[in-house]
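One structure is given below, encoded as structure tokens.
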Amino acid sequence: MFELLVWLRETDSTQKRLREGDFPCGTVFVADRQKEGKGRKGRRWESQEGGLYFSFVLCGEDFSKPFQIPLVAGLAVSDFLDSLGIRTAVKWPNDVYVKGKKISGILAERTKDKIIVGIGLNINQRGFPPDIEDRATSLHLITGKEWDRKEILSGVLEKLGEYIKDYKRKGFEEFKGRIEDKLLFKGEEVVVLSEKPIAGILEGLDEEGFLILRTSEGPIKITAGDVSLRPRL
Ligand code: ATP
Ligand code: BTN
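With this note's numbering, the residue at position 59 of the sequence shown is 59, and numbering never jumps.
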């Protein structure tokens with residue numbers, strides 16, 4: 001599935017490189033560091049040396065619901081990390097967490113005919129800037145070991161290729177239950193931060209991958225948009 005891989009020492013953003021170029025489906029761009037790594041809604045993605053920052057091109061016509069892709073890709077990253085002996089959770093709609101901290105963030109962006117998927121995975125970072133240090137973690141911080149980023153990339157891409165192929169053939173149904181089993185805050189009280197914060201118990205996902213919250217006014221469905229999920233303190 002990933003037939004061309006370009007590994008750069010440094011770039012502004014692998015996501016931007018693929019968005020602005022005309023690369024075939026399956027192309028992967030990886031960078032050792034990014035000067036302008038971005039998360040959802042243009043939020044900064046800290047991209048210092050030691051992490052893995054990569055983006056790949058999917059053929060847009062194969063996927064009519066791109067908002068499901070970060071969930072499927074998140075499960076692939078999470079299952080791969082679990083295979084290394086690290087217990088991870090999937091945080092709706094686009095992150096992977098370990099022990100309450102974010103280890104990976106995923107982004108899917110539609111261009112006119114393609115979908116560019118970007119993944120940031122924290123590997124050998126020894127620490128993070130003060131504004132995110134209590135929310136971010138890396139494989140090194142968890143295990144105390146130095147990891148081979150090439151091996152990790154190859155393992156993650158293999159899992160991603162497998163899951164994306166299955167998703168294309170069988171749809172989201174194949175993944176819904178598996179994602180729910182690893183869903184961060186499932187059954188717990190949460191607050192969804194959007195224009196107006198909404199509090200409720202996180203029930204799970206609907207058939208399409210939207211979040212179901214049980215609120216005092218009954219169940220409601222949350223679509224990703226610009227919402228952030230937080231535990232209710
Ligand atoms: P969160 O709930 O984790 O704050 P979010 O869903 O509100 O995330 P996103 O756009 O998904 O926001 O992710 C961007 C956020 O991720 C940044 O605002 C920052 O808090 C955090 N972040 C930035 N770089 C990293 C990194 N390398 N590792 C972990 N977290 C990071
Ligand atoms: C998020 O959590 O909001 C998603 C973070 C996505 C970060 C990756 S790193 C590789 C690619 N290049 C970018 O600028 N962003 C994505």
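Each residue gets a CB set at the ideal place from its N, CA and C atoms; glycine is no exception. What you are looking at is a predicted structure, and each value in this text was computed from that prediction instead of being measured.
Beta carbon of residue i: closer than 8 Å to some heavy atom of the ligand ATP?
| i | result |
| --- | --- |
| E10 | no |
| L47 | The sequence given here has Ser at residue 47, not Leu. Yes. |
| S55 | no |
| K128 | Rather than Lys, the amino acid found at residue 128 in this sequence is Phe. For the ligand ATP, at least one heavy atom lies less than 8 Å from the Cβ of F128. |
| K35 | no |
| D95 | yes |
| R232 | no |
| A31 | no |
| N122 | yes |
| D131 | yes |
| I103 | yes |
| S228 | yes |
| G118 | no |
| R135 | yes |
Rounded C-beta distance between residue i and residue j? I'm assuming under 8 Å.
| i | j | result |
| --- | --- | --- |
| I106 | F54 | Their Cβ separation, rounded to whole angstroms, is 11 Å, which puts I106 and F54 out of contact at 8 Å. |
| A108 | P70 | 5 Å |
| A136 | N122 | 6 Å |
| F80 | K170 | Contact doesn't hold; Cβ gap of about 20 Å is too wide. |
| T111 | R19 | 6 Å |
| F172 | G209 | 6 Å |
| E188 | P231 | 7 Å |
| L52 | I152 | 6 Å |
Once the 5 residues before and after residue i are set aside, which same chain residues still bring their CB inside 6 Å of it?
| i | result |
| --- | --- |
| G74 | V90, V96 and I106 |
| V6 | F29 |
| K176 | L205 |
Less than 8 Å separating the Cβ of residue i from some heavy atom of the ligand BTN?
| i | result |
| --- | --- |
| D82 | no |
| T14 | yes |
| E174 | no |
| R110 | no |
| L107 | yes |
| K38 | yes |
Going by DSSP, what residue range makes up the beta strand (DSSP E) through residue i?
| i | result |
| --- | --- |
| R214 | L211 to T215 |
| L16 | One detail in the question is off: residue 16 reads as Lys in this sequence, not Leu. Note, K16: premise wrong, no beta strand (DSSP E); alpha helix (DSSP H) at T14 to E20. |
| P231 | S228 to P231 |
| F29 | T27 to Q34 |
| F54 | L52 to C59 |
| K221 | G218 to I222 |
| T269 | Limits of the chain in this structure are 1 at one end and 233 at the other, which puts residue 269 out of reach. |
| I198 | I198 to L205 |
| I115 | K114 to L121 |
Using a Cβ-Cβ cutoff of less than 8 Å, which residues in the same chain neighbour residue i once the five nearest sequence positions on both sides are dropped?
| i | result |
| --- | --- |
| D12 | Q34, K35 and E36 |
Hey, quick one: how far does the alpha helix (DSSP H) through residue i stretch, first residue to last?
| i | result |
| --- | --- |
| E158 | R149 to K170 |
| L193 | Taken as a continuous stretch (DSSP letters only), L193 belongs to no alpha helix (DSSP H), being part of the beta strand (DSSP E) at E189 to L193. |
| L139 | L139 to T143 |
| K176 | E173 to D181 |
Return the chain-ordered list of same chain residues with a C-beta closer than 7 Å to the C-beta of residue i, the five sequence neighbours on each side being excluded.
| i | result |
| --- | --- |
| P197 | V191 |
| E146 | N124 and H140 |
| G161 | M1 and F2 |
Note to self: At 4 residues or longer, what runs of the alpha helix (DSSP H) sit wholly inside the segment 55-102?
What the structure shows: 69-83
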